[in-house]
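Read the structure below first, then the notes.
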Amino acid sequence: MSTPPLDATAAVPLDEAPVAPTRRRRRLDGSVLGMILRNRKAAFGLAILIFFGAVAILAPVISPYDPDKFVARPHQPPSRDFLFGTTGSGEDVLSQTIWGARISLGTGVIVGVAVTLIGMVIGMSAGYFRGRVDDLLSLIMNVFLIIPALPLLVILAAFLPPGFWTIVAVLTVTGWAWGGRVLRSQTLSLREKDFVSSAVVSGENSYRIIFREILPNMMSIVVAGMFGAVTFAIGSQAGLEFLGLGNPSAISWGTNLYWAQNNSALLTGAWWTFVPSGASIALVAFAFTLVNYAIDEVTNPRLRSQRETANALKKAHQKLGTSRATPVIRERGTASGTATGD
Amino acid sequence: MSYVLRRLGFYVLAAWASITLNFFLPRFMPGDPGDAVLGKLQGQARPETIEAMRKAYGLSDDPLWQQYFDYLGNLARGEFGISLSNFPTPVTQIIQSSFGWTLLLGLTATVMSFAIGNILGIFGAWRRGGLMDSVLPPLLMFIGSFPYFWLAILALFFLSFEWGYFPLRHAFSDDLSPAFSAQFFGSVLYHLVLPAGSLIVISIGSWVLGMRNAMIATLSEDYVTMAEAKGLPQRRVMFNYAARNALLPNITAFGMQLGFVLSGSLLTEIVFSYPGLGFQLISAVRNLDYPLMQGIFLGITFGVLLANLLVDLLYVRLDPRVRGT
Numbered sequence: 000m001s002t003p004p005l006d007a008t009a010a011v012p013l014d015e016a017p018v019a020p021t022r023r024r025r026r027l028d029g030s031v032l033g034m035i036l037r038n039r040k041a042a043f044g045l046a047i048l049i050f051f052g053a054v055a056i057l058a059p060v061i062s063p064y065d066p067d068k069f070v071a072r073p074h075q076p077p078s079r080d081f082l083f084g085t086t087g088s089g090e091d092v093l094s095q096t097i098w099g100a101r102i103s104l105g106t107g108v109i110v111g112v113a114v115t116l117i118g119m120v121i122g123m124s125a126g127y128f129r130g131r132v133d134d135l136l137s138l139i140m141n142v143f144l145i146i147p148a149l150p151l152l153v154i155l156a157a158f159l160p161p162g163f164w165t166i167v168a169v170l171t172v173t174g175w176a177w178g179g180r181v182l183r184s185q186t187l188s189l190r191e192k193d194f195v196s197s198a199v200v201s202g203e204n205s206y207r208i209i210f211r212e213i214l215p216n217m218m219s220i221v222v223a224g225m226f227g228a229v230t231f232a233i234g235s236q237a238g239l240e241f242l243g244l245g246n247p248s249a250i251s252w253g254t255n256l257y258w259a260q261n262n263s264a265l266l267t268g269a270w271w272t273f274v275p276s277g278a279s280i281a282l283v284a285f286a287f288t289l290v291n292y293a294i295d296e297v298t299n300p301r302l303r304s305q306r307e308t309a310n311a312l313k314k315a316h317q318k319l320g321t322s323r324a325t326p327v328i329r330e331r332g333t334a335s336g337t338a339t340g341d
Numbered sequence: 000m001s002y003v004l005r006r007l008g009f010y011v012l013a014a015w016a017s018i019t020l021n022f023f024l025p026r027f028m029p030g031d032p033g034d035a036v037l038g039k040l041q042g043q044a045r046p047e048t049i050e051a052m053r054k055a056y057g058l059s060d061d062p063l064w065q066q067y068f069d070y071l072g073n074l075a076r077g078e079f080g081i082s083l084s085n086f087p088t089p090v091t092q093i094i095q096s097s098f099g100w101t102l103l104l105g106l107t108a109t110v111m112s113f114a115i116g117n118i119l120g121i122f123g124a125w126r127r128g129g130l131m132d133s134v135l136p137p138l139l140m141f142i143g144s145f146p147y148f149w150l151a152i153l154a155l156f157f158l159s160f161e162w163g164y165f166p167l168r169h170a171f172s173d174d175l176s177p178a179f180s181a182q183f184f185g186s187v188l189y190h191l192v193l194p195a196g197s198l199i200v201i202s203i204g205s206w207v208l209g210m211r212n213a214m215i216a217t218l219s220e221d222y223v224t225m226a227e228a229k230g231l232p233q234r235r236v237m238f239n240y241a242a243r244n245a246l247l248p249n250i251t252a253f254g255m256q257l258g259f260v261l262s263g264s265l266l267t268e269i270v271f272s273y274p275g276l277g278f279q280l281i282s283a284v285r286n287l288d289y290p291l292m293q294g295i296f297l298g299i300t301f302g303v304l305l306a307n308l309l310v311d312l313l314y315v316r317l318d319p320r321v322r323g324t
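Chains as they are written, first to last, in numbering that gives the first Met the number 0: chain A, 0 to 341; chain B, 0 to 324.
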């Protein structure tokens with residue numbers, strides 16, 4: 000594990016090499032993870048996620064009021080005492096937003112992990128064993144993919160008794176197939192590689208090959224898929240709760256929006272009751288998207304080479320003046336030589 | 000041909016799976032929702048309502064397999080049962096009356112989002128590093144991560160309630176009745192702007208990004224360089240050589256998105272009180288109208304399957320490679 004992947008070392012700029020021994024901080028530096036962390040988008044996204052994670056954990060400490068208590072006149076606009084105003088039943092919106100982070104993020108993380116694990120086992124088995132097993136598992140995945148998720152979510156949630164675990168179960172059932180299909184196709188192509196053949200020949204157990212040999216090579220896709228699943232879960236949970244299919248007495252961002260609508264926040268102009276919770280969901284989802292985008296940028300060689308070309312152009316103060324299908328950059332004065340777009 | 004047949008088989012299987020799910024869901028629920036509702040209604044509902052409910056909940060005494068085949072037979076004859084909340088109306092009639100609105104809303108939004116998004120993506124990839132390429136994707140990504148119904152609420156609140164630019168609810172003005180008149184169509188269009196607009200804004204980002212990335216990959220293909228070397232006009236290289244091939248993955252995605260036409264507008268319909276299938280579905284859920292709920296679910300599912308079949312047929316025309324396999 001100590002040697003960084005080949006492509007990552009190749010991407011380290013040459014002029015940094017001589018000072019390397021003292022300047023190099025940690026092993027992370029050259030690895031894919033290090034490159035992701037140094038990506039501006041990823042850093043911004045992670046900062047947002049850490050912020051909301053801390054808010055969720057510290058809710059009892061930082062929340063100014065009891066989120067369930069009547070603390071002031073209903074529908075008061077934001078003020079010094081109530082930074083985000085009060086709800087239609089006189090609760091503090093800020094406290095509700097802070098406490099809401101717990102259930103919303105909790106559901107998101109639990110569903111994200113569950114969905115990823117199921118997708119991993121089923122998708123990778125299908126891709127590894129191929130043949131009949133693949134036919135059957137792909138069929139199941141495709142059926143789950145094609146049945147429209149939102150109506151299915153609604154009728155499942157309508158029949159099952161409302162509650163936290165119902166929502167988790169329903170979201171897991173409807174959400175696993177997408178990641179499973181992505182992992183299947185990735186496994187299919189990795190299975191052709193020599194290191195898998197040699198593991199097979201040396202008599203390793205199938206599941207050891209899948210999880211110890213193949214899985215580490217597609218970690219970025221697994222992680223990206225998990226972040227996507229968490230985003231899906233947070234959004235869908237809020238949607239279900241907004242429709243009144245969750246547990247309306249538990250405080251989450253979705254139920255906050257549900258109550259805002261039920262207390263006719265739109266009619267009374269109480270925008271502060273539905274803006275904070277919705278904005279929180281939007282920010283968390285955006286943060287996950289940013290991190291995913293960064294992972295894609297770092298691990299997808301096509302996007303990376305494109306970005307590096309763009310950076311090189313920026314350094315050389317060049318612009319693609321005329322846009323053509325295959326951009327050609329002519330030498331101008333002392334500027335660097337000729338570069339072509341990928 | 001065998002490709003189309005295989006797809007057809009798959010859709011039949013998917014339809015069967017959703018029918019079976021629909022059949023067993025109310026019958027295997029803990030605590031039997033049927034009994035609970037019947038208990039609540041005892042004494043205030045007409046006998047035929049209760050009879051219809053008993054059927055819907057599977058409270059009949061026939062063995063399960065017989066109920067199952069009865070159910071399949073009913074569906075095959077197009078009998079989806081009778082709505083409980085608007086009693087003697089058959090479920091199919093309610094579906095028919097709201098299906099058009101959902102289709103109008105969903106199709107307008109999906110097609111416009113697809114068209115605009117792909118065109119933006121083509122130009123974004125063409126002028127790499129340009130203003131549109133650097134500002135638009137992050138902006139769309141940000142808006143795309145809004146919870147969908149929240150964006151709709153914001154739009155409704157600010158554009159309708161506060162500033163009064165757009166109507167508050169429904170698909171056409173209350174003082175009009177459906178007619179072939181310019182006034183009616185104008186009213187329908189006017190009521191469509193916000194629901195469709197919010198759907199477009201939220202879904203366009205994935206098209207732009209998908210198309211842009213596919214274009215970048217396609218532009219590095221040899222045949223694009225070849226076309227360029229032949230000195231073909233840029234417009235032709237861009238659309239006939241690069242974009243046409245880059246579009247293929249997005250067409251597949253479009254097929255999957257067609258499900259969105261029927262199901263994705265569900266939350267929009269709630270927020271804007273748009274009288275489509277989603278609106279009916281939620282009011283069915285609120286009224287514990289299980290036959291209507293299940294009928295709408297099946298209706299939406301069948302619509303999605305049919306749409307996907309159409310996309311498969313289109314794909315055969317567009318991509319000659321699948322014809323051979």
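We treat Cβ as the ideally placed atom computed from N, Cα and C, and that holds for glycine. In this text, all values refer to a predicted model and were calculated from it rather than measured experimentally.
query: Validate contact between the region 232 to 242 of chain B and the region 75 to 82 of chain B using beta carbons, cut 8 Å, 3 pairs; result: no
query: Those residues which DSSP pairs with D91 of chain A across a bridge; result: A:T85
query: Distance between G179 of chain A and M225 of chain B (C-alpha atoms, nearest Å); result: 38 Å
query: Near-chain B residues of the region 262 to 276 of chain A - C-beta to any C-beta below 9 Å; result: A264, L265, L266, G268, W270, F273, V274, S276
query: CB of P194 of chain B within 8 Å of CB of Y273 of chain B, strictly; result: yes
query: I152 of chain B versus B:H190, B:T267, B:R211, residue with shortest Cα-Cα distance; result: B:T267
query: Contacts around R25 of chain A, its chain only, beta-carbon distance under 7 Å, and the 5 residues preceding and following it disregarded; result: Because R25 of chain A sits at a pLDDT of 44, beneath the cut-off of 50, its placement in the model cannot be relied upon, and the point is left open.
query: Pairwise C-alpha distance: V167 of chain A and M225 of chain A; result: 15 Å
query: Option in B:N117, B:L138, B:G277 with minimal Cα separation from A245 of chain B; result: B:N117
query: Residues near L155 of chain A in its chain [Cβ-Cβ closer than 6 Å; skip 5 each side]; result: V169
query: Rounded C-alpha distance that separates L287 of chain B from T254 of chain A; result: 20 Å
query: Cβ-based contacts, 8 Å cut-off: residues of the region 147 to 167 of chain A near chain B; result: P147, A148, L149, P150, L151, V153, I154, L155, A157, F158, L159, P160
query: Short CB-CB distance (under 8 Å) between G320 of chain A and chain B; result: Model confidence at G320 of chain A stands at a pLDDT of 49, short of 50, so the residue's coordinates are unreliable and nothing is read from them.
query: T186 of chain A at chain B interface by Cβ criterion, 8 Å; result: no
query: Proximity test, Cβ basis, 8 Å: F278 of chain B and chain A; result: no
query: R190 of chain A - containing alpha helix (DSSP H), residue span; result: It is not in any alpha helix (DSSP H) - R190 of chain A carries neither H nor E in the DSSP assignment.
query: Whole-Å CB distance - L135 of chain B paired with G123 of chain B, under 8 Å assumed; result: 6 Å
query: M217 of chain A CB to nearest heavy atom of the ligand COA below 7 Å; result: Of ligands this structure carries none, so the ligand COA is not represented either.
query: F285 of chain A at chain B interface by Cβ criterion, 8 Å; result: yes
query: Within chain B, partners of G234 of chain A - CB distance below 8 Å; result: P146, Y147
query: At least 3 beta-carbon pairs within less than 8 Å: the region 130 to 146 of chain A vs the region 0 to 17 of chain B; result: yes
query: Three-state secondary structure (DSSP) of P89 of chain B; result: strand
query: W162 of chain B: first and last residue of the uninterrupted alpha helix (DSSP H) it sits in; result: That residue, W162 of chain B, is in no alpha helix (DSSP H); it is neither H nor E in DSSP.
query: CB contact below 8 Å: I93 of chain B versus chain A; result: no
query: Spatial neighbours of P89 of chain B in its chain, beta-carbon cut-off 8 Å, leaving aside the 5 residues before and after; result: E78, F79, G80, I81, S82
query: CB contact below 8 Å: I199 of chain B versus chain A; result: no
query: is_contact[V142 of chain A, chain B] using C-beta, thresh 8 Å; result: yes
query: C-beta neighbour in chain B for A338 of chain A, strict 8 Å; result: Confidence is the limiting factor: at A338 of chain A the pLDDT is only 42, short of 50, which leaves the residue's position unreliable and the question unanswerable from this model.
query: Three-state class that DSSP yields for I220 of chain A in the structure shown; result: helix
query: Own chain, CB closer than 6 Å to S103 of chain A, minus 5 neighbours either side, in chain order; result: I233, S251, W252
query: CB contact check: Q293 of chain B to chain A, cutoff 8 Å; result: yes
query: Proximal residues of chain B, C-beta to C-beta of T288 of chain A below 7 Å; result: M140, S144
query: Per DSSP, the bridge partner or partners of I81 of chain B; result: B:P89
query: Y222 of chain B, buried or exposed, once every other Cβ within 10 Å from all chains shown has been counted against 16; result: exposed
query: Proximity below 8 Å, CB of T96 of chain A to CB of S279 of chain A; result: yes
query: Segments assigned alpha helix (DSSP H), at least 4 residues, entirely inside the region 96 to 165 of chain B; result: 130 to 143, 147 to 154
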